[in-house]
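Everything below concerns the one structure shown next.
Numbering (this note's numbering), first residue to last: 84 to 386.
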């Protein structure tokens with residue numbers, strides 16, 4: 084499973100997104116392993132990226148959520164995205180969250196929602212505009228940020244965060260699934276997909292077989308939480324993704340559009356789950372990622 088979990092990380096290398104950024108001088112402040120919560124003795128950590136030029140105006144913030152099939156991955160995986168965004172003037176929080184199978188859903192949702200609320204709690208200290216917060220995620224992270232864009236706080240029991248919203252204003256979902264309903268999900272996968280592995284991963288994430296808890300699987304699916312007050316969405320998907328069928332992106336975009344929510348859907352032909360099938364696909368994917376950054380600029384830097 085490790086090879087497939089790590090496969091999405093090739094996005095950053097194949098697109099060349101990180102190469103130029105890492106060679107640039109650091110013109111931002113980075114705070115690593117900031118504690119944003121604790122659950123049963125496990126500290127929840129995030130890395131903060133802060134523009135050095137604070138300016139006079141409040142800044143937008145973006146929560147970056149890594150992938151790894153909900154079972155793996157690391158907040159450092161989102162560093163290239165974080166560096167790109169901080170250089171655009173955003174405060175970025177790249178978050179870790181509890182992983183399956185030790186922790187099953189909704190632990191992961193609770194953690195990323197807590198991270199958004201933590202940013203709002205510390206908005207004045209960090210110079211953040213509390214109503215200008217977005218989220219970007221890849222693969223499993225794309226799924227989780229889609230829940231941030233479509234759901235309000237699930238667990239409001241933390242007294243320090245009481246009453247603070249976890250809803251974000253803009254979402255970039257990079258090949259994250261939207262409907263985990265198992266039979267339909269597996270049937271939509273293209274020929275040659277590792278359906279057995281996908282089913283194993285989903286069961287590990289949800290903690291119960293679909294047949295025993297269909298309502299739980301539905302609750303974990305952003306598609307079924309779409310409403311007119313959702314965040315604006317930018318969805319990037321590959322036509323040949325062997326792990327997340329393109330219909331997942333199409334159906335989410337259709338539901339958002341029907342609800343009157345702004346949504347931009349980009350499906351790149353000949354692109355898989357790692358964006359590396361052909362030079363043409365890589366070029367279009369790079370363009371799409373730049374469009375995604377501009378999308379966040381447009382929605383989060385409004386007055």
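The beta carbon of each residue, even a glycine, is placed where N, CA and C say it ideally should be. Bear in mind the structure is a predicted one, so any value in this text is a computation, not a measurement.
Through-space distance from residue j to residue i, alpha-carbon basis
{"i": "residue 122", "j": "residue 362", "result": "44 Å"}
{"i": "residue 104", "j": "residue 167", "result": "With a pLDDT of only 47 at residue 104, under the threshold of 50, the placement of this residue in the model should not be trusted; the figure read from the coordinates follows. Computed Cα separation, rounded: 7 Å."}
{"i": "residue 232", "j": "residue 319", "result": "15 Å"}
{"i": "residue 322", "j": "residue 273", "result": "10 Å"}
{"i": "residue 335", "j": "residue 269", "result": "17 Å"}
{"i": "residue 162", "j": "residue 169", "result": "10 Å"}
{"i": "residue 130", "j": "residue 173", "result": "14 Å"}
{"i": "residue 98", "j": "residue 371", "result": "Here the model assigns residue 98 a pLDDT of 44, short of 50, so the residue's position is not dependable and the matter cannot be decided."}
{"i": "residue 384", "j": "residue 180", "result": "27 Å"}
{"i": "residue 106", "j": "residue 369", "result": "Its pLDDT being 46, under 50, residue 106 is placed unreliably in this model, and the value from its coordinates should be taken loosely. The alpha-carbon atoms of residue 106 and residue 369 are separated by roughly 18 Å."}
{"i": "residue 366", "j": "residue 374", "result": "13 Å"}
{"i": "residue 354", "j": "residue 261", "result": "19 Å"}
{"i": "residue 258", "j": "residue 202", "result": "25 Å"}
{"i": "residue 126", "j": "residue 224", "result": "19 Å"}
{"i": "residue 234", "j": "residue 248", "result": "10 Å"}
{"i": "residue 100", "j": "residue 295", "result": "In this predicted model, residue 100 has a pLDDT of only 48, less than 50, meaning its place in the structure is not dependable; the value taken from the coordinates is given anyway. Their Cα atoms are separated by approximately 42 Å."}
{"i": "residue 360", "j": "residue 153", "result": "24 Å"}
{"i": "residue 348", "j": "residue 263", "result": "19 Å"}
{"i": "residue 305", "j": "residue 200", "result": "19 Å"}
{"i": "residue 135", "j": "residue 301", "result": "43 Å"}
{"i": "residue 338", "j": "residue 382", "result": "20 Å"}
{"i": "residue 255", "j": "residue 222", "result": "11 Å"}
{"i": "residue 192", "j": "residue 230", "result": "7 Å"}
{"i": "residue 178", "j": "residue 333", "result": "27 Å"}
{"i": "residue 35", "j": "residue 356", "result": "There is simply no residue 35 to check, as the chain begins at 84 and stops at 386 in what is shown."}
Those residues which DSSP pairs with residue i across a bridge
{"i": "residue 128", "result": "118"}
{"i": "residue 347", "result": "317"}
{"i": "residue 224", "result": "Its beta-bridge partners do not exist; DSSP assigns none."}
{"i": "residue 251", "result": "Bridge partners of residue 251: none, in fact."}
{"i": "residue 176", "result": "131 and 146"}
{"i": "residue 218", "result": "146 and 254"}
{"i": "residue 112", "result": "133"}
Exposed unless 16 or more other CB atoms sit within 10 angstroms - verdict on residue i
{"i": "residue 34", "result": "Absent from the structure is residue 34, since the part of the chain shown begins at 84 and ends at 386."}
{"i": "residue 252", "result": "buried"}
{"i": "residue 237", "result": "exposed"}
{"i": "residue 137", "result": "exposed"}
{"i": "residue 292", "result": "exposed"}
{"i": "residue 160", "result": "buried"}
{"i": "residue 329", "result": "buried"}
{"i": "residue 250", "result": "buried"}
{"i": "residue 325", "result": "buried"}
{"i": "residue 118", "result": "exposed"}
{"i": "residue 310", "result": "exposed"}
{"i": "residue 298", "result": "exposed"}
{"i": "residue 386", "result": "exposed"}
{"i": "residue 275", "result": "exposed"}
{"i": "residue 158", "result": "buried"}
{"i": "residue 156", "result": "buried"}
{"i": "residue 279", "result": "exposed"}
{"i": "residue 220", "result": "buried"}
Closest by C-alpha distance to residue i, when choosing among the options
{"i": "residue 376", "options": "294, 265, 171 and 186", "result": "171"}
{"i": "residue 109", "options": "267, 165 and 119", "result": "165"}
{"i": "residue 380", "options": "226, 305 and 217", "result": "217"}
{"i": "residue 183", "options": "305, 177, 194 and 175", "result": "194"}
{"i": "residue 267", "options": "327, 259, 225 and 289", "result": "327"}
{"i": "residue 128", "options": "226, 348 and 120", "result": "120"}
{"i": "residue 148", "options": "125, 278 and 198", "result": "198"}
{"i": "residue 378", "options": "133, 132 and 215", "result": "215"}
{"i": "residue 350", "options": "338, 339 and 364", "result": "364"}
{"i": "residue 206", "options": "185, 255 and 175", "result": "175"}
{"i": "residue 213", "options": "204, 264, 134 and 300", "result": "204"}
{"i": "residue 208", "options": "227, 133 and 307", "result": "133"}
Are at least three pairs of beta-carbons, each pair with one atom in the stretch 274-294 and one in the stretch 234-248, less than 8 Å apart?
no
Per the contact definition of three or more C-beta pairs closer than 8 Å, is the stretch 108-116 in contact with the stretch 141-157?
no
Could you check whether the stretch 310-319 touches the stretch 342-352, counting it as contact only if at least three pairs of C-beta atoms, one from each stretch, sit closer than 8 Å?
yes
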